[in-house]
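Residue numbers (full-length UniProt numbering), protein chains in the order written: chain A, 1 to 149; chain B, 1 to 149; chain C, 1 to 149; chain D, 1 to 149.
4 protein chains.
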Amino acid sequence: MTERTSALIPLRWSDMDAYGHVNNVQYLRLLEDARIAGFEDWFGPHGSESLLEGGVIVARTEVEYLRPLVYRRAPVQIDMWVSRLGGASFDVGYELRDPAEMGDAVYMRAETTMSAYDFAGERPRRLRDSEREVLRSRLAEPVALRRRR
Amino acid sequence: MTERTSALIPLRWSDMDAYGHVNNVQYLRLLEDARIAGFEDWFGPHGSESLLEGGVIVARTEVEYLRPLVYRRAPVQIDMWVSRLGGASFDVGYELRDPAEMGDAVYMRAETTMSAYDFAGERPRRLRDSEREVLRSRLAEPVALRRRR
Amino acid sequence: MTERTSALIPLRWSDMDAYGHVNNVQYLRLLEDARIAGFEDWFGPHGSESLLEGGVIVARTEVEYLRPLVYRRAPVQIDMWVSRLGGASFDVGYELRDPAEMGDAVYMRAETTMSAYDFAGERPRRLRDSEREVLRSRLAEPVALRRRR
Amino acid sequence: MTERTSALIPLRWSDMDAYGHVNNVQYLRLLEDARIAGFEDWFGPHGSESLLEGGVIVARTEVEYLRPLVYRRAPVQIDMWVSRLGGASFDVGYELRDPAEMGDAVYMRAETTMSAYDFAGERPRRLRDSEREVLRSRLAEPVALRRRR
Numbered sequence: 001m002t003e004r005t006s007a008l009i010p011l012r013w014s015d016m017d018a019y020g021h022v023n024n025v026q027y028l029r030l031l032e033d034a035r036i037a038g039f040e041d042w043f044g045p046h047g048s049e050s051l052l053e054g055g056v057i058v059a060r061t062e063v064e065y066l067r068p069l070v071y072r073r074a075p076v077q078i079d080m081w082v083s084r085l086g087g088a089s090f091d092v093g094y095e096l097r098d099p100a101e102m103g104d105a106v107y108m109r110a111e112t113t114m115s116a117y118d119f120a121g122e123r124p125r126r127l128r129d130s131e132r133e134v135l136r137s138r139l140a141e142p143v144a145l146r147r148r149r
Numbered sequence: 001m002t003e004r005t006s007a008l009i010p011l012r013w014s015d016m017d018a019y020g021h022v023n024n025v026q027y028l029r030l031l032e033d034a035r036i037a038g039f040e041d042w043f044g045p046h047g048s049e050s051l052l053e054g055g056v057i058v059a060r061t062e063v064e065y066l067r068p069l070v071y072r073r074a075p076v077q078i079d080m081w082v083s084r085l086g087g088a089s090f091d092v093g094y095e096l097r098d099p100a101e102m103g104d105a106v107y108m109r110a111e112t113t114m115s116a117y118d119f120a121g122e123r124p125r126r127l128r129d130s131e132r133e134v135l136r137s138r139l140a141e142p143v144a145l146r147r148r149r
Numbered sequence: 001m002t003e004r005t006s007a008l009i010p011l012r013w014s015d016m017d018a019y020g021h022v023n024n025v026q027y028l029r030l031l032e033d034a035r036i037a038g039f040e041d042w043f044g045p046h047g048s049e050s051l052l053e054g055g056v057i058v059a060r061t062e063v064e065y066l067r068p069l070v071y072r073r074a075p076v077q078i079d080m081w082v083s084r085l086g087g088a089s090f091d092v093g094y095e096l097r098d099p100a101e102m103g104d105a106v107y108m109r110a111e112t113t114m115s116a117y118d119f120a121g122e123r124p125r126r127l128r129d130s131e132r133e134v135l136r137s138r139l140a141e142p143v144a145l146r147r148r149r
Numbered sequence: 001m002t003e004r005t006s007a008l009i010p011l012r013w014s015d016m017d018a019y020g021h022v023n024n025v026q027y028l029r030l031l032e033d034a035r036i037a038g039f040e041d042w043f044g045p046h047g048s049e050s051l052l053e054g055g056v057i058v059a060r061t062e063v064e065y066l067r068p069l070v071y072r073r074a075p076v077q078i079d080m081w082v083s084r085l086g087g088a089s090f091d092v093g094y095e096l097r098d099p100a101e102m103g104d105a106v107y108m109r110a111e112t113t114m115s116a117y118d119f120a121g122e123r124p125r126r127l128r129d130s131e132r133e134v135l136r137s138r139l140a141e142p143v144a145l146r147r148r149r
């Protein structure tokens with residue numbers, strides 16, 4: 001079974017909104033940094049010959065909020081994996097958990113579609129073979145989004 | 001045919017990220033303010049007996065990014081409508097356009113599931129009849145998300 | 001007497017933090033957009049031959065919070081003027097008011113030092129004569145910061 | 001000599017703006033989380049009988065940007081200490097450094113004035129003796145802001 005990649009992402013106090021919970025929009029901010037950590041794990045450090053250099057953009061995001069989060073200093077854990085692999089795009093699945101918590105409660109599930117993009121030429125591109133090889137090794141199950149089931 | 005509600009939402013320079021485009025996460029920030037404007041239009045000003053007082057939370061968001069946006073001082077236009085009406089939740093559909101642009105290009109399509117929530121009791125609740133009546137008058141077509149078609 | 005330049009800057013609901021007031025950091029975010037509007041008024045639209053093209057960076061910020069702000073849909077008013085003019089930098093003074101309010105209450109006073117900067121050469125530069133001419137026409141009193149008096 | 005309190009604060013990729021550097025406003029966001037860590041160190045965890053429970057608000061901020069910062073995954077180091085102690089307010093001094101860097105380069109210096117505030121009564125308050133005792137033990141030199149020298 002393909003292993004997921006885990007990133008520990010610290011919250012910021014300002015992630016909370018006037019209701020005193022981590023704001024729904026900020027979860028996507030957490031995914032952004034988890035993705036940077038995960039891609040570095042998968043493709044090597046940013047700046048070298050890596051996927052991020054080849055270029056990808058977020059083309060779609062789907063997120064389900066399952067349990068509220070309140071700011072604390074300990075980071076949250078975001079697990080990620082490839083949930084679909086295409087020729088010019090791929091999907092990344094995410095689950096957010098609290099590593100300090102007993103049990104296995106999921107606070108948020110999400111999926112982003114990443115489209116390969118040629119930033120210099122400002123146009124979509126196909127995934128390179130080397131990129132697809134890396135992504136295939138991370139390919140696992142679809143995200144268990146409620147709406148789809 | 002049910003009319004959509006339009007809100008003019010100003011961008012902020014800081015909505016752009018290091019790539020020089022409005023960051024994908026910030027689109028949800030724009031939806032947040034569009035929703036406040038739209039709900040005020042549908043239910044009356046916040047603070048009076050309105051839906052927002054009854055309490056709703058964002059339970060799910062799905063967003064497709066279709067064209068890049070760059071900061072400019074003129075606001076963007078976000079159209080919104082009810083795309084599904086249930087007993088304890090409803091979906092809101094959104095489309096983002098540039099009112100200064102000829103044609104009808106859609107920059108982003110999104111849908112959020114809003115769950116009725118009793119903030120005092122900290123638990124889900126059912127939609128009141130008065131809320132459902134308002135929402136039914138705004139009910140229109142599903143959001144034309146590519147992934148679903 | 002030199003007239004100040006006024007910009008109407010909309011709040012966002014997310015400017016509020018868990019205490020239910022506009023967060024102290026977000027006031028600087030409001031100044032950022034006020035400055036874009038003000039510089040466009042002083043130097044012409046961004047993208048033409050303007051000061052912003054010549055290049056300036058924020059080198060210092062000083063801000064005093066006088067009255068709390070709560071989100072509302074009506075914009076706040078930020079007045080700005082040049083409070084000091086040097087050879088390679090200048091200061092901009094700001095006051096934030098509520099245009100809907102009777103009286104003249106100031107919610108925030110601030111000053112930013114703007115340093116002329118050559119982005120291509122990545123080094124400080126001197127202000128051009130044409131820039132200094134524009135700035136001199138906007139030069140007015142120092143900012144009435146409490147700490148300094 | 002009074003020791004400073006150091007907090008390691010992670011950057012977020014979104015701290016960068018369209019110029020590709022950490023945005024000037026975001027430095028205050030970093031100070032916010034450094035202050036939470038520092039106050040917890042000085043007064044005990046938030047939620048117990050601590051200064052933050054007694055209540056303080058940010059009344060003033062002064063910040064000088066000395067060197068540009070670019071996002072990287074390693075956290076920055078923010079040192080903080082009490083730079084002035086009054087009867088109803090105190091100042092906190094901050095310096096931001098890169099712990100991975102040889103030498104002792106300061107990227108940012110700042111000072112915030114914290115006013116004791118009674119949130120329940122919605123009015124300023126005097127510092128308690130117990131609070132002043134803690135703060136006095138952290139009292140050190142003024143912040144070496146250029147503008148003041």
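Even glycine gets a Cβ: it sits at the ideal position worked out from N, Cα and C. Source: prediction; values computed, not measured.
Taking the Cα positions, Tyr107/A is about 32 Å away from Asp41/B. About 17 Å separates the CB atoms of Arg60/A and Tyr19/B; that is not less than 8 Å, and the two are not in contact. Judged by beta-carbon spacing, Asp79/B lies within the 8 Å limit of Ser6/B, meaning their Cβ atoms are closer than that value.
Of all alpha-carbon atoms in Ser83/D, Ser130/D, Asp17/D, Arg29/D, the one lying nearest the alpha-carbon of Met114/D is that of Ser83/D. Note that the C-beta distance between Pro75/A and Ile9/A is below 8 Å. Taking CB atoms only, Asn23/A has a neighbour in chain C less than 8 Å away. Arg146/D and Val58/D have their C-alpha atoms spaced approximately 22 Å apart. In the assembly as shown, Glu133/D is an exposed residue. Its beta-carbon has fewer than 16 other beta-carbons within 10 Å.
Annotated three-state conformation of Ser137/A is coil, per DSSP. For Arg29/A, the chain B residues whose C-beta falls within less than 7 Å of its own C-beta are Val25, listed in chain order.
Within the same chain, and ignoring the five residues on either side of Val56/C in sequence, the residues whose Cβ sits closer than 7 Å to its Cβ are Met114, Ser115, Ala116, Tyr117. Beyond the five residues adjoining it in sequence on each side, Gly38/A comes within less than 7 Å, by CB distance, of Thr5, Ala7, Met80 in the same chain, given in chain order. Within the model, the alpha-carbon separation for Leu85/C versus His21/D is close to 26 Å. Within the stretch 64-79 of chain D, contact with chain C at the beta-carbon level (separation under 7 Å) is assigned to Glu64, Tyr65. Secondary structure of Ala7/B (DSSP, three-state): strand.
The beta-carbon distance between Arg29/C and Arg12/B, rounded to whole angstroms, is 7 Å. This is short enough to meet the 8 Å contact definition. In the DSSP assignment, Thr113/D forms a beta bridge with Arg60/D, Asp91/D.
Ranked by how close their Cα comes to the Cα of Val143/A, the residues Ala120/A, Ser130/A, Glu111/A, Pro124/A have Glu111/A in first place.
Ranked by Cα distance from Asp104/B, the first of Arg126/B, Gln77/B, Phe90/B is Gln77/B. Against chain C, a Cβ distance below 7 Å from Arg147/D picks out Arg60.
In the three-state scheme derived from DSSP, where H, G and I count as helix and E and B as strand, Tyr27/B is classed as helix.
One finds nothing in chain D with a Cβ atom closer than 8 Å to the Cβ of Ala100/A; even the nearest lies about 14 Å away. Sorting Arg73/A, Asp91/A, Asp33/A by C-alpha distance to the C-alpha of Tyr71/D places Asp33/A at the top.
By the neighbour-count criterion, in which a residue is buried when 16 or more other Cβ atoms sit within 10 angstroms of its Cβ, Ser130/D is exposed. Within the same chain, and ignoring the five residues on either side of Arg138/D in sequence, the residues whose Cβ sits closer than 8 Å to its Cβ are Thr2, Thr5, Trp42, Trp81, Val82.
Note on Phe90/C: 16 or more other CB atoms within 10 angstroms of its CB, so buried under the neighbour-count rule. Taking C-beta atoms as the reference points, Met16/B and Asn24/B fail to come closer than 8 Å. At a cut-off of 8 Å, the C-beta of Glu32/D has a neighbouring C-beta in chain C. Contact between Leu127/B and Gly87/B holds, since their C-beta atoms are separated by about 6 Å, short of 8 Å. About 6 Å separates the Cβ atoms of Glu95/C and Arg109/C, confirming a contact at the 8 Å cut-off. Straight-line measurement puts the Cα of Gln26/A at about 11 Å from the Cα of Ser14/D.
In the structure shown, Arg35/D adopts helical secondary structure according to DSSP, grouped into three states. The CB of Trp13/B comes closer than 7 Å to the CB of Glu32, Asp33, Ile36 in chain C, given here in chain order.
Against chain C, the beta carbon of Pro10/B has neighbours under 7 Å at Pro10, listed in chain order. With respect to the 8 Å criterion, Glu62/B and Glu101/A are not classified as neighbours on the basis of their beta carbons.
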